[in-house]
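Visitor: For the sequence shown, counting from 1, position 337 maps to 441 in the working numbering; every step adds exactly one.
Note that CB positions come from ideal geometry on N, CA and C, so glycine has one too.
Have a look at the structure that comes next, please.
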Amino acid sequence: MDFISIEAAAAKWGVSLRVAQRYCADGKIAGAKKYGRAWMIPEEAGRPSDARRKTERACATPLYHGLFLMEDLRLDGRAVDQIASALPDDEYRRELYAELALLQGKTDKGLEHIARMPEGSPFRLTAQHGKNITAIRKGDYHGLCLGMTELDNLRAEYGSCPSVSAAIDLAEATIYASVYATDRCPEWLKKGDVTRFSPSERPYALYLYALYLNATGQPLRMLGVTETALAFSSGPGSTVSEIYLRIMAANACVEIDRREQAEELIERALEDAVPYGIFSPFSEQLTTLRGVVEPIARQRFPSVLRSIVQGWKDVFSGWTEIRNGIANTSMTKALTAKEYQIALYLSDRMSYKEIASRMRMTVAATNYALQMIREKLGVKRSRDIAQFVNWSLGNRPGTS
């Protein structure tokens, strides 16, 4: 009898690793054997039937059960090709490489993988999610609107499939949470109610909740949510969601002046992400992390620092365009990414000397940069800059 790893079996059955482990622990897989902490599954073993699966048999063309494949895969030091070889077929491998390219900031390469997916691919939803993320990065508001319409079409087609409906909920929430459009966020996200999602989906749902809490100025709650979610992490390495959760926990620590703890969280996240060339999660939050990432990357991972900063510059303008379109705001697009960062530090009430230190500039250069920022925004006083750059001001409790 030939055996496969439990990771390969989980991917083959379209379930999370935790669910596959529960099948084994409950004795539902005939012939499964445990060696130390690892389960080995007979190659011919099929997925056990359950009530949720029976509900979804009505779906004409089955879709992958989650929003993205990599949530069920741990980044534990194995080479990417080794992870790919354990997947069931080329369709899964193509999806893996598409998701990885997007996480590496290689947007066009990710789209190339998505474009090669056949029409009946089980990864239609995950592919659309990737296209929506790309539209946000590029500032393609029209493309994003078309993508949201496609999500509505998928919901209509798969309304009887709970797992697909839940994944679409996550895809839609990602759009609003990622641009901090708090008024457009669904009620389940505002309440932090993630009970509708499977155990493997909840870490990502809690990451989205952390984004909402960050946008609404609730750092202590954000820290509690992220730390609790991370406490349930099991096994070596991290999932993609756990990397995102550590970054959001670091964001919370920055807000409550626990900079040393923030640095530890970012260092751990980089340790798990860098071997796979993943830097987009850090680029996305570079502004709100207020200078925590750069010195750690410069000292420990100098080869990726430029990619992280460039990734931030690449998506900055597009993110602003989408936020203004969805949230009906007027964040300025006149500033460069560097000027925006300086202006945001000023809105944090930092002195010119503190800003110069964070930006690795002279005080004179900082003063000149702020003069140029005031001219671009048409204001005479530096204190009037914040309204043009701080996306969170209108979301804070007690503000209008």
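Are the CB atoms of L390 and W416 nearer to each other than 8 Å?
Guide: Cβ atoms of L390 and W416: closer than 8 Å.
Visitor: Have a look at G381 and R485 and give me their C-alpha separation to the nearest angstrom.
Guide: Computed Cα separation, rounded: 42 Å.
Visitor: In whole angstroms, what separates the C-alpha of K213 from that of Y308?
Guide: Their Cα atoms are separated by approximately 24 Å.
Visitor: Quick check on W117: buried or exposed, where buried means 16 or more other Cβ atoms within 10 Å of its Cβ?
Guide: It is buried - the Cβ of W117 has at least 16 other Cβ atoms within 10 Å.
Visitor: To test your reading of the DSSP string, which unbroken alpha helix (DSSP H) runs of 4 or more residues are found completely within the segment 354 to 419?
Guide: Counting only runs of 4 or more, we get 363 to 377, 384 to 388, 397 to 404.
Visitor: Which two residues bound the contiguous beta strand (DSSP E) that contains M557?
Guide: Missing from the structure shown is residue 557; the chain here goes from 105 to 504 and no further.
Visitor: Just the Cα atoms here: how many angstroms apart are M252 and R404?
Guide: The straight-line gap from Cα to Cα measures roughly 40 Å.
Visitor: With distance defined between alpha-carbon atoms, name the residue in E261, E291, K132, K138 nearest to A277.
Guide: Taking only the C-alpha atoms, the option nearest A277 is E291.
Visitor: Contact check, R198 vs R220 under 8 Å by CB: the rounded distance?
Guide: Contact flag correct, Cβ pair sits at about 6 Å.
Visitor: Rounded to a whole number of angstroms, what is the C-alpha to C-alpha distance between C506 and D361?
Guide: Given a span of 105 to 504 for the chain in the structure shown, any question on residue 506 remains unanswerable.
Visitor: Between T343 and E111, is the Cβ-Cβ spacing less than 8 Å?
Guide: Cβ atoms of T343 and E111: not closer than 8 Å.
Visitor: Going by DSSP, what residues sit across from Y139 in a beta bridge?
Guide: Paired residue(s): A142.
Visitor: What is the residue span of the alpha helix (DSSP H) that I279 lies within?
Guide: Taken as a continuous stretch (DSSP letters only), the alpha helix (DSSP H) holding I279 covers 266 to 282.
Visitor: Can you tell me where the alpha helix (DSSP H) holding I133 begins and where it ends?
Guide: No alpha helix (DSSP H) holds I133; DSSP gives it neither H nor E.
Visitor: Please state if the CB of K480 and the CB of L448 are separated by a distance shorter than 8 Å.
Guide: It is not a contact, given that the beta carbons lie outside the stated cut-off.
Visitor: Apart from the five residues just before and just after V329, which ones in its own chain have a Cβ nearer than 8 Å to its Cβ?
Guide: Closer than 8 Å at the Cβ level, and outside the excluded window around V329, lie G296, L310, Y313, A314, L317.
Visitor: DSSP three-state label for F492, please.
Guide: Here F492 sits in helix by DSSP.
Visitor: Return the chain-ordered list of same chain residues with a C-beta closer than 6 Å to the C-beta of A113, the five sequence neighbours on each side being excluded.
Guide: Around A113: A124, I145.
Visitor: If you draw a straight line from the alpha carbon of E223 to that of L229, how long is it in whole angstroms?
Guide: C-alpha separation (whole angstroms): 12 Å.
Visitor: Who are the Cβ neighbours of V396 in its own chain at under 8 Å, not counting the five residues just before and after it?
Guide: Excluding positions up to five away in sequence, the list reads A354, V358, R363, A366, E367, I370.
Visitor: Suppose contacts are defined by Cβ-Cβ distances below 8 Å. Is E305 in contact with G131 by that definition?
Guide: Going by C-beta atoms, E305 is not nearer than 8 Å to G131.
Visitor: Give the DSSP-derived three-state secondary structure of S342 in the structure shown.
Guide: If DSSP states are grouped into helix, strand and coil, S342 belongs with the strands.
Visitor: Can at least three beta-carbon pairs, one atom from the segment 235 to 248 and one from the segment 186 to 201, be found at a separation below 8 Å?
Guide: The answer is no - the segment 186 to 201 does not touch the segment 235 to 248, with fewer than three Cβ pairs under 8 Å.
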